[in-house]
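Note that the protein sequences, when read in sequence, are chains A and B.
For the first sequence, this note's numbering begins at 3 and goes up steadily by one.
For the second sequence, this note's numbering begins at 293 and goes up steadily by one.
Positions of the beta carbon are idealized from the N, C-alpha and C atoms, including for glycine.
The model shown is predicted, which means the values in this text are computed figures rather than measured ones.
First comes the structure, then the notes that go with it.
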Amino acid sequence: MNTTFSFNRLVLMLKRYFIENKNKEIMYWGILILVFTLMHKAETAKSILYIMGFIFAAKQFKIFAYTPGGMHYLLIPATHLEKLISNILLTTVYFFTMMVIVYSIGNIVGTSLYNLIFSHSDPVTWEFFNSANTHSFGNSFDLIQGNAFFSMIVTFLTIQSIFMLGSVYFKRGALGRTWLTLFAFTILIGIIELFILKGLFGGMSTIRNMNSINIMSDSSTTITMIENGFKIFSYLLIPYLWLVTYFRLTEKQV
Amino acid sequence: MIDINNVDFSYSRHTKLLSGLSLQLEAGRIHGLLGKNGEGKSTLLKLISGLDFPSKGKIEVMGLNPLKRQPELLVEIFFLPEELPQLNLSIENYEKVYSPFYPNFSLEQFNQYLKEFEIESKTDMLNKLSHGQKKKVMIAFGLATNTKLLLMDEPTNGLDIPSKGQFRRMVASGLSDDRCLLISTHQVHDLDSLIDNIIIMDGHEIVFNQTIENIAAKLIFKVSDRKEQDDSVIYSEDTLRGLYQVCENRTSTESKVDIELLFNAIFANKNRIKQLFQ
Numbered sequence: 003m004n005t006t007f008s009f010n011r012l013v014l015m016l017k018r019y020f021i022e023n024k025n026k027e028i029m030y031w032g033i034l035i036l037v038f039t040l041m042h043k044a045e046t047a048k049s050i051l052y053i054m055g056f057i058f059a060a061k062q063f064k065i066f067a068y069t070p071g072g073m074h075y076l077l078i079p080a081t082h083l084e085k086l087i088s089n090i091l092l093t094t095v096y097f098f099t100m101m102v103i104v105y106s107i108g109n110i111v112g113t114s115l116y117n118l119i120f121s122h123s124d125p126v127t128w129e130f131f132n133s134a135n136t137h138s139f140g141n142s143f144d145l146i147q148g149n150a151f152f153s154m155i156v157t158f159l160t161i162q163s164i165f166m167l168g169s170v171y172f173k174r175g176a177l178g179r180t181w182l183t184l185f186a187f188t189i190l191i192g193i194i195e196l197f198i199l200k201g202l203f204g205g206m207s208t209i210r211n212m213n214s215i216n217i218m219s220d221s222s223t224t225i226t227m228i229e230n231g232f233k234i235f236s237y238l239l240i241p242y243l244w245l246v247t248y249f250r251l252t253e254k255q256v
Numbered sequence: 293m294i295d296i297n298n299v300d301f302s303y304s305r306h307t308k309l310l311s312g313l314s315l316q317l318e319a320g321r322i323h324g325l326l327g328k329n330g331e332g333k334s335t336l337l338k339l340i341s342g343l344d345f346p347s348k349g350k351i352e353v354m355g356l357n358p359l360k361r362q363p364e365l366l367v368e369i370f371f372l373p374e375e376l377p378q379l380n381l382s383i384e385n386y387e388k389v390y391s392p393f394y395p396n397f398s399l400e401q402f403n404q405y406l407k408e409f410e411i412e413s414k415t416d417m418l419n420k421l422s423h424g425q426k427k428k429v430m431i432a433f434g435l436a437t438n439t440k441l442l443l444m445d446e447p448t449n450g451l452d453i454p455s456k457g458q459f460r461r462m463v464a465s466g467l468s469d470d471r472c473l474l475i476s477t478h479q480v481h482d483l484d485s486l487i488d489n490i491i492i493m494d495g496h497e498i499v500f501n502q503t504i505e506n507i508a509a510k511l512i513f514k515v516s517d518r519k520e521q522d523d524s525v526i527y528s529e530d531t532l533r534g535l536y537q538v539c540e541n542r543t544s545t546e547s548k549v550d551i552e553l554l555f556n557a558i559f560a561n562k563n564r565i566k567q568l569f570q
């Protein structure tokens with residue numbers, strides 16, 4: 003018996019999820035098709051991807067909220083790695099693929115209905131997948147430039163990994179508690195960032211006089227370093243969070 | 293099969309639930325784990341299955357460390373908890389989802405056990421069944437997995453009277469030489485004539501661990517009409533049906549072990565019983 007990883011057991015873990023949640027999944031994706039039929043703008047689709055994504059990720063280890071459920075899950079004869087990978091696949095590959103499918107269906111149906119009702123002949127647009135546009139969500143990942151679609155995937159994966167860790171870390175109310183932790187973490191990062199900027203650019207008045215365009219267009223080595231450092235950090239953050247989730251799962255007691 | 297050495301466990305820093313606990317259990321037996329509420333019976337089962345981790349000491353199950361929760365060990369453990377998980381599955385789908393994880397699972401046995409428990413429809417949803425019905429399905433599944441270690445926490449809670457008899461028959465028939473069953477309960481009558489090794493916990497430690505044969509060889513369980521004052525009496529209980537007594541077996545007389553009486557005798561006269569079995 004392979005004690006580290008078995009593809010067969012991984013498939014069984016995924017099969018287990020789909021059989022147990024078949025009805026919920028059908029209902030959930032059905033509702034989303036309806037939503038995308040009515041609203042299929044790229045920004046709406048992306049917002050739904052992130053919001054529904056973190057809700058979905060935060061529920062991955064919800065089974066631990068009820069002790070007998072947690073016991074049952076931990077005693078399933080599969081390794082922690084297989085359990086984790088099955089959850090990663092569900093929160094990322096499966097969720098994203100389903101989002102793309104339901105968005106496409108909603109987009110086609112919505113545009114067709116709009117053309118039919120209002121006698122228009124608008125073509126179906128695929129803004130959601132448009133990688134030429136600059137990705138802007140007012141978040142820190144705007145720094146990842148060049149490919150908006152890729153940037154969206156990175157943001158999505160980061161969100162999913164954060165909330166999946168939250169769902170295994172917090173026994174109850176994982177969604178709310180993860181948000182609270184993120185809030186506290188953001189404030190902490192903000193304070194650290196302020197100190198760094200103060201150290202780099204001098205007093206607070208200098209920082210206040212600068213705007214983001216100045217910083218972004220500055221080609222100085224320091225800014226490039228910060229930018230590259232942030233890129234590396236954002237890419238490494240995802241596997242790091244998965245790793246932490248794995249260790250949390252191995253030490254989970256019920 | 294199970295080797296527990298000097299294990300400490302606590303849920304909080306200030307109160308120790310188990311302290312220096314040691315226990316060895318063999319295969320081919322049905323072990324009954326008895327004790328008052330809160331003594332740590334369920335915790336002990338969780339420690340054996342790797343659901344909780346000891347703060348000190350070592351546990352080995354079939355030569356493996358349960359803390360690692362390796363599949364090679366998990367395929368040989370089935371744990372029936374007192375409270376059951378909420379599963380949104382039909383009996384049929386439960387079998388379809390979970391049986392492939394257990395290489396020795398027998399569908400024939402599962403169907404047979406369900407039939408014995410008079411569960412006719414496998415399309416019934418588990419979360420729509422009563423607690424007792426759900427427990428029957430889990431017992432049937434657990435026995436059908438043919439795992440080497442079967443842990444049951446209060447398995448008869450929620451079962452109706454005929455089902456308790458069926459449970460005893462099924463468990464007895466499910467035992468084999470390489471299989472170890474550990475049943476934790478405080479409903480001692482439900483395990484009457486089923487268990488062949490009695491383990492009693494008191495003060496968060498094992499105070500008694502003896503086979504039924506050994507107990508029968510050293511103790512006599514009898515009902516007397518009047519109080520016998522001889523020094524062989526270890527414990528007596530005055531009831532409407534007579535005077536129930538636990539006495540030292542000095543004459544090698546055979547008697548049926550009354551688990552409840554033994555349990556009370558141990559709590560009333562722990563030291564004497566300890567001495568007798570040393």
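Inter-residue spacing [alpha-carbon to alpha-carbon] between residue i and residue j
i, j, result
"His74(A)", "Gly175(A)", "20 Å"
"Ser468(B)", "Leu339(B)", "24 Å"
"Pro392(B)", "Arg361(B)", "18 Å"
"Leu483(B)", "Asn403(B)", "24 Å"
"Leu145(A)", "Tyr96(A)", "Low confidence applies here, because Leu145(A) scores a pLDDT of 43, under 50, leaving its location unreliable and the question unanswered by this model."
"Gly349(B)", "Ser334(B)", "18 Å"
"Ser222(A)", "Leu196(A)", "19 Å"
"Ser528(B)", "Ala557(B)", "8 Å"
"Glu229(A)", "Ile191(A)", "16 Å"
"Leu118(A)", "Lys200(A)", "59 Å"
"Met354(B)", "Gly168(A)", "34 Å"
"Phe345(B)", "Asn357(B)", "11 Å"
"Met444(B)", "Met417(B)", "23 Å"
"Val256(A)", "Glu129(A)", "46 Å"
"Glu368(B)", "Ser455(B)", "26 Å"
"Thr93(A)", "Lys548(B)", "59 Å"
"Asn109(A)", "Phe152(A)", "21 Å"
"Gly342(B)", "Met54(A)", "34 Å"
"Asn10(A)", "Pro363(B)", "12 Å"
"Cys539(B)", "Asp550(B)", "12 Å"
"Ala464(B)", "Thr69(A)", "29 Å"
"Asp522(B)", "Asp530(B)", "16 Å"
Reduced DSSP secondary structure (H/G/I, E/B, other) of residue i
i, result
"Thr307(B)", "coil"
"Phe301(B)", "strand"
"Val525(B)", "strand"
"Leu16(A)", "helix"
"Leu245(A)", "helix"
"Asn438(B)", "coil"
"Leu399(B)", "helix"
"His423(B)", "helix"
"Gly466(B)", "helix"
"Gly349(B)", "strand"
"Met444(B)", "strand"
"Phe143(A)", "Because Phe143(A) sits at a pLDDT of 45, beneath the cut-off of 50, its placement in the model cannot be relied upon, and the point is left open."
"Gly231(A)", "helix"
"Met267(A)", "It is not possible to answer for residue 267(A), since the shown part of chain A is limited to 3 through 256."
"Ser382(B)", "strand"
"Glu84(A)", "helix"
"Leu40(A)", "helix"
"Leu451(B)", "coil"
Pair within 9 Å by beta-carbon distance, residue i and residue j
i, j, result
"Leu315(B)", "Ile498(B)", "yes"
"Asn380(B)", "Asn25(A)", "yes"
"Ile526(B)", "Ile504(B)", "no"
"Met15(A)", "Lys85(A)", "yes"
"Ser493(B)", "Glu331(B)", "In the sequence on display, residue 493(B) carries Met and not Ser. For Met493(B) and Glu331(B), yes; Cβs fall inside 9 Å."
"Cys472(B)", "Arg564(B)", "no"
"Leu177(A)", "Phe56(A)", "yes"
"Lys426(B)", "Leu376(B)", "yes"
"Phe569(B)", "Lys514(B)", "no"
"Leu442(B)", "Val429(B)", "no"
"Val389(B)", "Glu22(A)", "yes"
"Thr157(A)", "Tyr52(A)", "yes"
Cβ-heavy atom distance, residue i to the ligand NAD, below 8 Å
i, result
"Pro358(B)", "No copy of the ligand NAD appears in this structure; indeed no ligand is present at all."
Identified DSSP bridge partners for residue i
i, result
"Ile536(B)", "The question names Ile, yet the displayed sequence has Tyr at residue 536(B). DSSP lists Val515(B), Glu529(B) as partners of Tyr536(B)."
"Thr224(A)", "According to DSSP, Thr224(A) bridges with nothing at all."
"Asp550(B)", "For Asp550(B), which the question treats as bridged, DSSP gives no partner whatsoever."
"Ile322(B)", "Leu473(B)"
"Ser341(B)", "Paired residue(s): none; Ser341(B) is not in a bridge."
"Leu327(B)", "Residue identity check: residue 327(B) is Gly in the sequence provided, not Leu. Answer by DSSP bridge pairing, in chain order: Met493(B)."
Check whether the segment 242-256 of chain A and the segment 404-421 of chain B are in contact - that is, three or more C-beta pairs closer than 8 Å. Three or more beta-carbon pairs separated by less than 8 Å are not found between the segment 242-256 of chain A and the segment 404-421 of chain B, which leaves the two stretches without contact.
Is the segment 299-312 of chain B touching the segment 94-110 of chain A, taking contact as three or more C-beta pairs under 8 Å? Short answer: they don't touch.
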